[in-house]
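The opening residue of the sequence shown carries number 110 in the working numbering; numbering runs sequentially from there.
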Amino acid sequence: MNKKNVILVSALAVFAAALGALYLFVLNKQKQPEEEKKPDYYTIREINTESIDRITLKTEGFDGGFRLKDGTWINEEDESFPVKQETMNLMVSIVLAHLNAFEKVENPPASEDFGFTNPSAVLTAYAGSNSLLTLKIGKAIPTRDRYYAMVDGDESIYIVSDNYYKYIVKDRTDFLVDINMPAIEDRDLLREISVSGEGITPFHVVYDAANPYDYSENGMYGWYFEAPFTSCVNANIYDDAWFEKLEYFTFVSYDKLVAYRPGSYGKYGLDNPRATIYVRYADKYGREDYSYKLFLGNKTEDGFYYARLESLEWVFLIGADKVALRTETDAFSLCYKTVFFPKDSALDSIKITAGSKTWDFVNTHADSEIAVYTLNGRKLSDSELSKLGNEILTLKYSGMAPEDATGDVIMTINTSVADKEKLKDLEIVFHKYTDSVHLVTVNGITEFTMDVRQVDAFLAWLETMK
């Protein structure tokens, strides 16, 4: 046999040996029993959920029961309790209708804590007087979003999805229907806002197309302050600050429900609220007999405020940021800072007194849209009338007057209006206060300060008017 044949025979022998080994391996594998395949999930128990007509539940935040009456879940202890049907239906359809587990812990060691000594929840479902099952939710499995669970009559412990916790571990407020909170469609429907309370600068504004302080006569300044001062709100298309402020009062939102019909509001600080927010508004059809009143109570350690609506007995929590947006207002920044809007055709007269001197501007055509003014009997030219209006517009408030501040009178401006049903007569008195600012009193109430230089310049101009 030559060398080439020897190599060929050797190769065939090796191949035959390998083929035989493979055959023996496969044959041996077939003789061994197949390993038990791990199921995709374990059925904990099958129950007929359509027969469930009563459920009891005990968690940290709830201990009670619900029963089905004419297709509606009701609270066994208090039938007036407005049960959120969706919460109950999801509990049945998501969990009880599919009692499955990812894993099964058989013969669990007694030394291991699965959380059943103090379970997160114990739920029992009934069909009539028959108990279908009692389900316990144990502790969470860290990093897995899963929980231990067990049912009565079964020694096994199951590992279930977080849906068991999500849809079963509830507190009392989770079963309440959603609160019908105030939601006003448009800020233009707001008519009145009042904020008052402990440590809060009063904030009270009213909308009226016939604003008694709006001498513009065109509704430009329909909003006006009644507190902390009397003045028009600078609400026009060139200033967004006011309209942003209004938005906060078109709705009420809460962070968490706390109590339903608590009986006493004392522990929440709501028997004597620290703040009250009142909002009056119209609907889109122009009916203006709607309002809501929100009470704010104690502040929690977490920075929330207890709150409730006058129309509801429920107590809820509102975040401090939401409260601040409604109770902290720089009213002065929002007001129209000129002493009044000098729409000359709206006035009968403007009388200015400084010391022993008097300037008496009288509108001799008060019943006309075109004003004709005289000064001490002399007719003013168009340029003089325009100058009068412009000079009045320079008298702008510079800040809020200190409480109980007083001073000697420097100048008084009295306006008399033609239509006293629509507008108000004004008496604006300027008092000496410091070297830099004077006090301004409007209709007997000292509210603002004004830069001394503005008043001095106005008086100097008056001296040129003869």
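Virtual Cβ for every residue (Gly too), placed ideally from N, Cα, C.
Do you know whose CA, among I277, W332 and E307, lies nearest R296's CA?
Among I277, W332 and E307, the Cα nearest to that of R296 belongs to W332.
With a Cβ-Cβ cutoff of 8 Å, do I386 and V314 count as a contact?
no
Examine chain B for any beta-carbon lying closer than 8 Å to the beta-carbon of S465, and answer yes or no.
Chain labels in this structure do not include chain B; a single protein chain is all it has.
Could you compute how far the alpha carbon of Q194 sits from the alpha carbon of K178?
Straight-line spacing of the CA atoms in Q194 and K178 works out to 12 Å.
Would you call the region 164-171 and the region 254-271 in contact, with 3 or more CB pairs under 8 Å?
Short answer: they don't touch.
Please check the pair Y369 and F190, which I expect to be a contact at CB under 8 Å, by giving their CB distance rounded to whole angstroms.
7 Å
Does S270 come out as helix, strand or coil in the three-state DSSP assignment?
The DSSP-derived three-state label of S270 is strand.
If you check the beta carbons only, do G306 and R417 fall under 8 Å apart?
No; because the gap between Cβ atoms is not below 8 Å, this pair is not in contact.
Name the two residues that bound the continuous beta strand (DSSP E) containing G174.
Note, G174: beta strand (DSSP E), D172 to K178.
What does the alpha-carbon distance come out to for the pair Y276 and I554?
Approximately 60 Å, taken between the alpha carbons.
Of the residues K245, D283 and Y374, which one's Cα is nearest the Cα of S265?
K245
Just to confirm, is the Cβ distance from Y316 to E301 under 8 Å?
E301 sits close to Y316, with the two beta carbons spaced by under 8 Å.
Going by the DSSP bridge assignment, what does D469 pair with across the sheet?
Paired residue(s): K460.
Please name the residue in K431, D411, M259 and Y394 whose C-alpha comes closest to that of L403.
K431
Tell me whether V424 is buried or exposed, calling it buried when 16 or more other Cβ atoms sit within 10 Å of its Cβ.
buried
Determine the direct distance from the alpha carbon of E437 to that of N472, and round the result to whole angstroms.
Near 43 Å, if we compare the C-alpha coordinates of E437 and N472.
Out of R562, T543, T467 and A463, point me to the one whose CA is closest to T503's CA.
R562
Got a sec, what are the start and stop residues for the alpha helix (DSSP H) K351 sits in?
A small correction: the amino acid at residue 351 is Trp; Lys does not occupy that position in the sequence shown. Residues A350 to E356.
Measure from the alpha carbon of G378 to the alpha carbon of each residue in N407, E353, Y394 and F360, then state which is nearest.
Among N407, E353, Y394 and F360, the Cα nearest to that of G378 belongs to N407.
Helix, strand or coil: which one does DSSP assign to F449?
coil
Compare the C-alpha of P371 against each of V361, D380, E422 and L484 and name the closest.
E422
Please report how far the alpha carbon of D222 lies from the alpha carbon of T282, in whole angstroms.
30 Å
Which value, in whole angstroms, describes the spacing of the CA atoms of V260 and V286?
30 Å
Is it buried or exposed for F358, if we count other Cβ within 10 angstroms and need 16 for buried?
buried
For the beta strand (DSSP E) containing T196, name the first residue and the last one.
That residue, T196, is in no beta strand (DSSP E); its alpha helix (DSSP H) goes Q194 to L199.
Would DSSP call D375 helix, strand or coil?
The amino acid at residue 375 is misidentified as Asp; the sequence shows Gly. G375 falls in the helix class under three-state DSSP.
Where Y256 and I183 are concerned, what is the direct C-alpha to C-alpha distance, given to the nearest angstrom?
29 Å
Mind checking which residues open and close the alpha helix (DSSP H) that includes I501?
Per DSSP, I501 belongs to the alpha helix (DSSP H) from D491 to L502.
To the nearest angstrom, report how far apart K365 and L443 are at their CA atoms.
Their backbone Cα atoms lie some 32 Å apart in a straight line.
Quick one: Cα of A510 to Cα of S229, how far?
59 Å
What whole-angstrom Cβ distance do W570 and E500 have, given they're in contact under 8 Å?
5 Å
Output yes or no for whether 8 Å exceeds the beta carbon distance between L532 and N552.
no
How far does the alpha helix (DSSP H) with F441 in it extend, from its first residue to its last?
A440 to L443
Going along the chain, which residues of its own chain have a beta-carbon closer than 6 Å to the beta-carbon of T80, five neighbours each way excluded?
One cannot answer for residue 80 here, as it falls past the ends of the chain, which runs 110 to 575.
Could you pull out every unbroken alpha helix (DSSP H) segment of at least 4 residues lying fully inside the region 221-286, listed in chain order?
Taking only runs of at least 4 residues, the alpha helix (DSSP H) segments lying wholly in the region 221-286 are 272-277.
Starting from H540, follow its DSSP beta bridges and name the residues at the other end.
V518 and L548
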